[in-house]
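Residue numbers (our numbering): 267 to 728. Heads up, the thing below is written out as structure tokens.
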Amino acid sequence: MASTMLSLVSAALPLQENHKGKMNLGSSDCSSFLRKEKRNPFMKTKSFGRINMAIAVNTSRFEGVTMAPPDPILGVSEAFRADNSEMKLNLGVGAYRTEELQPYVLNVVKKAENLMLERGENKEYLPIEGLAAFNKVTAELLFGAGNPVIEQQRVATVQGLSGTGSLRLAAALIERYFPGAKVLISSPTWGNHKNIFNDARVPWSEYRYYDPKTVGLDFDGMISDIKAAPEGSFVLLHGCAHNPTGIDPTPEQWEKIADVIQEKNHIPFFDVAYQGFASGSLDADASSVRLFAARGMELLVAQSYSKNLGLYAERIGAINVVCSSADAAARVKSQLKRIARPMYSNPPIHGARIVANVVGDPALFNEWKEEMELMAGRIKNVRQKLFDSLSAKDKCGKDWSFILKQIGMFSFTGLSKVQSENMTNKWHVYMTKDGRISLAGLSLAKCEYLADAIIDSFHCVS
Ligand code: PLA
Numbered sequence: 267m268a269s270t271m272l273s274l275v276s277a278a279l280p281l282q283e284n285h286k287g288k289m290n291l292g293s294s295d296c297s298s299f300l301r302k303e304k305r306n307p308f309m310k311t312k313s314f315g316r317i318n319m320a321i322a323v324n325t326s327r328f329e330g331v332t333m334a335p336p337d338p339i340l341g342v343s344e345a346f347r348a349d350n351s352e353m354k355l356n357l358g359v360g361a362y363r364t365e366e367l368q369p370y371v372l373n374v375v376k377k378a379e380n381l382m383l384e385r386g387e388n389k390e391y392l393p394i395e396g397l398a399a400f401n402k403v404t405a406e407l408l409f410g411a412g413n414p415v416i417e418q419q420r421v422a423t424v425q426g427l428s429g430t431g432s433l434r435l436a437a438a439l440i441e442r443y444f445p446g447a448k449v450l451i452s453s454p455t456w457g458n459h460k461n462i463f464n465d466a467r468v469p470w471s472e473y474r475y476y477d478p479k480t481v482g483l484d485f486d487g488m489i490s491d492i493k494a495a496p497e498g499s500f501v502l503l504h505g506c507a508h509n510p511t512g513i514d515p516t517p518e519q520w521e522k523i524a525d526v527i528q529e530k531n532h533i534p535f536f537d538v539a540y541q542g543f544a545s546g547s548l549d550a551d552a553s554s555v556r557l558f559a560a561r562g563m564e565l566l567v568a569q570s571y572s573k574n575l576g577l578y579a580e581r582i583g584a585i586n587v588v589c590s591s592a593d594a595a596a597r598v599k600s601q602l603k604r605i606a607r608p609m610y611s612n613p614p615i616h617g618a619r620i621v622a623n624v625v626g627d628p629a630l631f632n633e634w635k636e637e638m639e640l641m642a643g644r645i646k647n648v649r650q651k652l653f654d655s656l657s658a659k660d661k662c663g664k665d666w667s668f669i670l671k672q673i674g675m676f677s678f679t680g681l682s683k684v685q686s687e688n689m690t691n692k693w694h695v696y697m698t699k700d701g702r703i704s705l706a707g708l709s710l711a712k713c714e715y716l717a718d719a720i721i722d723s724f725h726c727v728s
């Protein structure tokens with residue numbers, strides 16, 4: 267306590283200098299701090315001069331706090347900003363860029379914001395569960411308007427702080443009401459999933475997902491790991507456009523996954539962060555979730571509007587819990603609110619209004635679908651161009667066709683950690699160390715350069 271108080275004195279002193287530059291130590295507050303200072307074990311002398319006080323301040327109570335490593339995904343953007351090379355390319359975070367590699371604000375978002383200005387909407391607190399109009403349309407976008415789970419009021423929907431915050435709310439619900447239950451996570455998965463469950467103190471283990479030999483889905487491994495998990499586990503599934511592999515189960519495989527989950531009494535937990543980015547169609551990309559809901563299963567779904575509406579910094583998303591009765595859904599919703607209140611009280615309104623305006627208005631909704639197709643289409647084009655460039659340039663004849671089989675924003679290149687480091691250190695291509703590149707941050711013009719970097723890293727670095 268003593269050194270904390272001294273820090274305050276030190277910070278306050280310059281403000282207390284009078285116009286002649288002399289210190290005013292006579293204030294009662296200040297002298298009470300100084301009396302405490304005499305007992306401060308960190309002080310070497312009893313002098314009250316500025317220099318000695320600085321020594322005391324340097325002895326931090328946070329000495330035991332170690333430096334945290336940079337985040338494996340968002341840390342890449344920090345490193346990118348610090349690089350002065352003209353060739354630099356940020357393929358780390360999954361953020362959509364135009365062909366000119368500029369951030370993109372969707373036209374429908376600008377229109378929705380104009381509407382908000384025209385209406386002169388206020389900034390009052392939202393209820394804990396978020397904006398009612400948003401919660402309505404977000405569940406409809408996910409399950410399809412008219413889905414029995416909505417009609418029967420069996421979905422507890424709470425607006426969350428985008429996908430991450432919504433996942434975190436669900437993790438807290440699991441920790442509180444399913445103590446000891448495990449969450450099964452695909453191997454590999456989005457880097458932050460493990461952090462979220464660790465921080466919520468929810469145990470997790472991995473199920474096989476990616477087969478490096480086929481650069482495809484290890485379906486048998488996935489099924490047997492889900493089968494082997496303790497009954498009543500939560501199975502975290504990427505609704506579409508699996509991050510980081512870009513490999514999704516086929517519709518037939520989804521049916522089989524649902525069979526095993528049902529057999530084992532597990533609870534499916536979908537993370538839908540890329541609705542619209544897998545196929546370009548919002549409906550098609552929700553088909554996995556709808557398939558499970560149609561079976562009458564109880565399930566959790568976290569949603570994000572960061573990518574599909576480009577609302578990254580607005581932090582807008584939702585957690586939906588489908589229950590077997592309206593009564594259970596009401597109780598679950600009340601508990602989600604109870605978890606949210608001490609965490610952040612209530613969510614931000616701006617992004618919620620944008621989504622409500624866009625999804626709730628047929629004209630804007632159709633326009634959004636067109637823009638969504640444009641974004642997804644641009645990514646498909648760079649995917650094709652990257653494949654063509656790699657195939658044309660690679661003198662060793664490696665088969666790069668796996669790039670075309672992957673979907674969504676990313677490509678999982680198969681580059682190792684050292685090879686990925688070579689991409690950054692030699693070629694100024696910023697990417698995550700697991701070999702993932704975000705094609706959303708790539709332009710047609712940069713494909714040839716990227717192909718050179720990949721070929722060099724793949725064949726010359728081991
Ligand atoms: N779930 C998955 C599977 C994701 O890939 C991401 C974002 C989220 C949830 C959360 O996004 P949100 O909180 O912004 O809604 N993944 C990014 C960004 C795009 C990140 O790591 O935060 C990625 O580059 O992997």
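Glycine is no exception: its CB is placed at the ideal position from the N, C-alpha and C atoms. Predicted model, so just to flag it, every value in this text is computed and none were measured.
Asked: Cβ distance (whole Å) where Glu497 is taken to contact Asn531 below 8 Å; Found: 5 Å
Asked: Any non-hydrogen atom of ligand 1 within 7 Å of His616 CB; Found: no
Asked: The stretch 535-543 touching the stretch 668-679, judged by at least three CB pairs closer than 8 Å; Found: yes
Asked: Outcome for Leu566 when other beta-carbon atoms lying within 10 angstroms are tallied against a minimum of 16; Found: buried
Asked: Beta-carbon proximity of Ala539 to Lys573, cut-off 8 Å; Found: yes
Asked: Residue burial classification, Ser313 (beta-carbon count within 10 angstroms, cutoff 16); Found: A caution first: Ser313 carries a pLDDT of 47, below 50, which makes its placement in the model too unreliable to give a value.
Asked: Tyr578 beta carbon near ligand 1 (any heavy atom closer than 7 Å); Found: yes
Asked: Span of the alpha helix (DSSP H), counted from its first residue to its last, around Ala550; Found: First-last for Ala550: undefined, no H or E at that position.
Asked: Every unbroken beta strand (DSSP E) inside the stretch 655-725 [3 residues or more]; Found: 676-678, 702-704
Asked: Cβ-Cβ distance between Gln425 and Ala618 below 8 Å; Found: yes
Asked: Where the beta strand (DSSP E) through Asp473 begins and ends; Found: The sequence given here has Tyr at residue 473, not Asp. From DSSP, the beta strand (DSSP E) with Tyr473 extends over 470-474.
Asked: Ile492 and Ile527 closer than 8 Å at C-beta; Found: yes
Asked: Same chain, Cβ closer than 7 Å to Asp700, neighbours up to 5 away in sequence not counted; Found: Pro454, Pro510
Asked: Contact between the stretch 354-368 and the stretch 688-700 (3+ Cβ pairs under 8 Å); Found: yes
Asked: Supposed contact pair Leu450 and Phe733 - C-beta distance, whole angstroms, cut 8 Å; Found: Any answer about residue 733 is impossible in this case: the structure gives the chain only from 267 up to 728.
Asked: Residue range of the unbroken alpha helix (DSSP H) whose run includes Ser452; Found: Ser452 -> not in any alpha helix (DSSP H); beta strand (DSSP E) instead, spanning 449-453.
Asked: Inter-residue spacing [alpha-carbon to alpha-carbon] between Glu352 and Leu577; Found: 28 Å
Asked: Leu433 beta carbon less than 8 Å from that of Ala606; Found: no
Asked: Proximity winner among Ala437, Thr430, Leu681, Arg467, relative to Pro478 (alpha-carbon distances); Found: Leu681
Asked: Cβ contact check for the stretch 403-413 and the stretch 654-664: 3 or more pairs under 8 Å; Found: no
Asked: Close-in-space but distant-in-sequence residues of the same chain around Val415 (CB under 7 Å, 5 per side omitted); Found: Phe409, Val421, Ala559, Val588
Asked: For Arg363: DSSP bridge partner residues; Found: Pro369
Asked: Asp514: CB within 7 Å of a non-hydrogen atom of ligand 1; Found: no
Asked: Same chain only: Cβ atoms within 7 Å of Phe400, ignoring 5 sequence neighbours per side; Found: Gln425, Ala618, Val621, Ala622
Asked: Cβ-Cβ distance between Leu705 and Ile645 below 8 Å; Found: yes
Asked: Coil, strand or helix - Thr423 by DSSP; Found: strand
Asked: Distance cut-off 7 Å: Asp537 Cβ against heavy atoms of ligand 1; Found: yes
Asked: Sequence ranges, beta strand (DSSP E) only - wholly within the stretch 581-664, length at least 3; Found: 582-588
Asked: Whole-number beta carbon distance between Leu483 and Trp520, since they are thought to touch under 8 Å; Found: About 11 Å; that fails the 8 Å criterion.
Asked: Close beta carbons around Gly396, own chain, < 7 Å, minus the five adjacent residues each side; Found: Val424, Gln425, Pro613, Ala618
Asked: Run of the alpha helix (DSSP H) containing Ser428, from where it starts to where it stops; Found: 428-443
Asked: Closest residue to Phe678 among Leu503, Thr480, Arg597, Val727 (Cα-Cα distance); Found: Thr480
Asked: Leu708 beta carbon less than 8 Å from that of Leu768; Found: Only positions 267 to 728 of the chain appear in this structure, which leaves residue 768 out of reach.
Asked: Nearest candidate by alpha-carbon position, reference Lys692, set Met333, Ala719, Leu340, Lys460; Found: Ala719
Asked: From Asn632, Cys726, Ala437, residue whose alpha carbon lies closest to that of Val375; Found: Asn632
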